[in-house]
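Top line first, the protein sequences correspond to chains L and F.
Numbering follows the working numbering, in which position 73 of the first sequence is assigned residue number 73; successive positions increment by one, without gaps.
Numbering follows the working numbering, in which position 113 of the second sequence is assigned residue number 1113; successive positions increment by one, without gaps.
See below for the structure under consideration.
Number of protein chains: 2
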Amino acid sequence: MQAQLIALDWGTTSLRAYKLGPGGQVLERRSLASGIMHLPTEARMINGVHCSNGFELAFDAACGDWLDTQPHLPVIACGMVGSAQGWSETAYRDSPADVTTLGQALHVVRSLRGSDVHIVPGVMQRDGVANVMRGEETQVLGVLQSLTADDVLIGLPGSHSKWVEVSRGCITHFDTFMTGELFAVLRDHSILGRTQKTADTFQAAAFDRGVQVTLSADGKMGLLSTLFSTRALGLAGELSPEEQPDYLSGLLIGHELSGLRARNNTQHRDIVLVGNNALCSRYQRALQSCGFPHVTLAREAAERGLWQLAVAAGLVQPLLEA
Amino acid sequence: MQAQLIALDWGTTSLRAYKLGPGGQVLERRSLASGIMHLPTEARMINGVHCSNGFELAFDAACGDWLDTQPHLPVIACGMVGSAQGWSETAYRDSPADVTTLGQALHVVRSLRGSDVHIVPGVMQRDGVANVMRGEETQVLGVLQSLTADDVLIGLPGSHSKWVEVSRGCITHFDTFMTGELFAVLRDHSILGRTQKTADTFQAAAFDRGVQVTLSADGKMGLLSTLFSTRALGLAGELSPEEQPDYLSGLLIGHELSGLRARNNTQHRDIVLVGNNALCSRYQRALQSCGFPHVTLAREAAERGLWQLAVAAGLVQPLLEA
């Protein structure tokens, strides 16, 4: 089947490349470690030119052979590749944003091999305290493709978890929680890590206990206060070294969800989670403890979103329904 | 004037030694870097014995000459020296605790030079989620000596800030906030540190802005959410690299005080702060922004508390009032 589009989900730590056919169906997919902070460094010839630019090298490795076969395939990319540290800085679009406004704001960088790479802008929210995202907006658009509800809350757990409120196809509000990164720095660099041991299996009871603490009176005092209970419960003999990491994980995710609930309209929306399975399972478990209803999981969000944006930009033609 | 007591405030990073005279007046004070994580390592002779024990070496360096002059001076010590990583583990006393219960629970370790060192137990709180302190209980008792109010809230800002509720001389409740340590790990190990520069002077407006965010609707979503605003405001051009550290400091301290306020009885108490001047100034500023009244600063809290405990333990005689 003839390819229609090359779609790149190009983040900080990884680069995922998709060859998409009619209607956005995935013909081939690749995953490379060449995130923008881990670019190739070994120079080589590209299109007759000696090249040492890491973005060019990664791009060529990801889809050079696809372009050799079909040189005029359009290329679209989302994620940190458009950041100030990326290939070519792509200005944020202000929220609210939808597939049309974002698809019409693609930023073009001409690659050494002659192909134009169309970079999706991130979204900046200026009301209240500032917020930004790059890449998640594309995943959100990919999720929307298969939804029927008008109002939905989309959670993208990770180092910097995003929770995106969508109304009638439009991103109206989003929040960022530094949950994953905070977990990692506390484990690796704080006193809490010193008494922890990694367990072989998920410590469900410890995780649930952490979530429950955030729902208790102690939880109302906030994360800075409950964090120390990881250590104190250890000293009190109530939490083993192997239980402490999942207890801490439960605390952090519980506080994230409490924060989410502080926005009063979140409990009545359908919730869709996008992310890796293990992490989404934790969130599902915590969402259930916190009384959030209607949680579903989305798949292939980035590649679907990139297709939608390419359609909106006129790079590809949508499938005509019979 | 004849000394009555050697008092040691022996924490993780420092060791402060006091020679106290009648009534607990300070005759001499010393500060050594020999906290329990930074003990001397060079072995030498103590009392005719070749010694390589870091605690013995630090103890000898801190007050060996005082004991040479007055070999029978009693010695009392508080802080992490009584922890599992300390000289001799001293079991926590459960809260509530006061000068009598703590003074009667001193743990004795016989030093190589023959002096008994009386170690003050820390306090463990078992109601709600567990909590512990070591050293702060002594500072609290030292503060109480000069207070007239029955109910007081004592704040000890630091790596692990403690807020201790005292009623009629008794420690009834306390909370720990990992504010200082979190600030350090976020600056040194998270993405937030990458865009920060250290400023030459205190960035008051940025600090106040951070505090204000915690009081706003955004602040209700909690620390995990507001943290990211440090980066987002930078990307939005609203916060310079030099302003970001003090903004982050304001965020963290603001969330600590919001947590404190979530305990409903804190706003009607007198507040006393104990700690280094620069840090207490930040807290005073934030407390004012958050509407806490009646904030005063305490001095010489540890040495006063150690004296009070030595009196309660019968190690020294109180001054008889005329």
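The beta carbon of each residue, even a glycine, is placed where N, CA and C say it ideally should be.
Computed from a predicted model, the values in this text were never measured in an experiment.
* First and last residue of the uninterrupted alpha helix (DSSP H) at L/Q139 -> E136 to L144
* Asked: Thinking C-alpha only, which one of L/S95, L/A199, L/D200 and L/L106 is nearest L/F355?
  -> Because residue 355 of chain L is not part of the residues shown, which for chain L are 1 to 322, the question remains open.
* To do: Whole angstroms is fine: what's the gap from F/S1249's alpha carbon to F/R1187's?
  => 10 Å
* From F/P1040 to F/G1054, what distance separates their C-alpha atoms? -> 5 Å
* To do: Can you give me, in chain order, the residues of the stretch 1150-1176 of chain F that have a beta carbon less than 7 Å from any beta carbon in chain L?
  => H1160, D1175 and T1176
* Asked: To the nearest angstrom, how far is it from the Cα of L/W87 to the Cα of L/V81?
  -> 5 Å
* To do: Report the rounded CA-to-CA distance for L/P121 versus L/I171, giving the unit in angstroms.
  => 14 Å
* Asked: Which runs of the beta strand (DSSP E) spanning at least 3 residues fall entirely within the stretch 88-144 of chain L, listed in chain order?
  -> 107-110, 116-119, 123-125 and 131-133
* Candidates L/R134, L/V143 and L/A61, of which the one nearest L/T90 by Cα -> L/R134
* Within 7 Å (strictly less), CB to CB, does L/N131 reach chain F? -> yes
* **L/S190 beta carbon less than 7 Å from that of F/V1152** => no
* Alpha-carbon spacing of L/L306 relative to F/Q1139, whole angstroms -> 60 Å
* Asked: Bridge partners of L/W10, per DSSP?
  -> L/L15
* To do: Identify whether L/D246 lies in helix, strand or coil by the three-state DSSP scheme.
  => helix
* Asked: L/K220 CB to nearest chain F CB: under 7 Å?
  -> yes
* Asked: Taking just the CA atoms, how far does F/Q1025 sit from F/A1058?
  -> 24 Å
* Supposed close pair L/T230, L/Q244 - CB separation, criterion 8 Å -> 6 Å
* Under 7 Å between C-beta atoms of F/R1113 and F/N1047 -> yes
* List the endpoints of the continuous beta strand (DSSP E) containing F/D1175. => C1170 to F1177
* **Burial state of F/N1276 (16 or more Cβ within 10 Å)** => exposed
* Pick helix, strand or coil for L/H50, following the three-state DSSP scheme. => strand
* Asked: Do you know offhand how far L/G11's Cα is from F/E1136's?
  -> 46 Å
* Any idea if F/H1118 is buried or exposed, counting beta-carbon neighbours within 10 angstroms, 16 or more meaning buried? -> buried
* Give the residues of chain L in contact with F/V1185, contact being defined as C-beta atoms less than 8 Å apart. => V185, L186, H189 and S190
* Given that L/V140 touches chain F, what residues does it touch there, using C-beta distances under 8 Å? -> Correct list: empty, because the minimum Cβ distance to chain F is about 17 Å.
* To do: Could you tell me the distance, in whole angstroms, from the CA atom of L/A232 to the CA atom of L/I271?
  => 34 Å
* **With 16 other Cβ atoms within 10 Å as the buried cut-off, status of L/A298** => buried
* Quick one: what's F/L1273 bridged to in DSSP? -> F/G1155 and F/L1297
* Asked: Quick one: does F/F1228 have its CB under 7 Å from some CB of chain L?
  -> yes
* For F/Q1203, count neighbouring Cβ atoms within 10 angstroms of its own Cβ and tell me buried if that reaches 16, exposed if not. => buried
* Along the stretch 1027-1042 of chain F, what residues have a CB closer than 7 Å to any CB found in chain L? -> none
* **Beta-carbon contacts of L/N131 that lie in its chain and below 8 Å, excluding the five residues immediately before and after** => M124, Q125, F174, D175 and T176
* To do: Anything in chain B within Cβ reach of L/A91, meaning under 9 Å, just list it in chain order.
  => The structure shown contains no chain B; the protein chains it does contain are L and F.
* Hey, how far is the Cα of F/V1289 from the Cα of L/R194? -> In the sequence as displayed, the identity of residue 1289 of chain F is Ser instead of Val. Rounded to whole angstroms, F/S1289 to L/R194 spans 36 Å at the Cα level.
* Give the DSSP-derived three-state secondary structure of L/R30 in the structure shown. => strand
* Asked: In chain F, what lies closer than 7 Å to L/M178 by C-beta?
  -> L1224, L1227 and F1228
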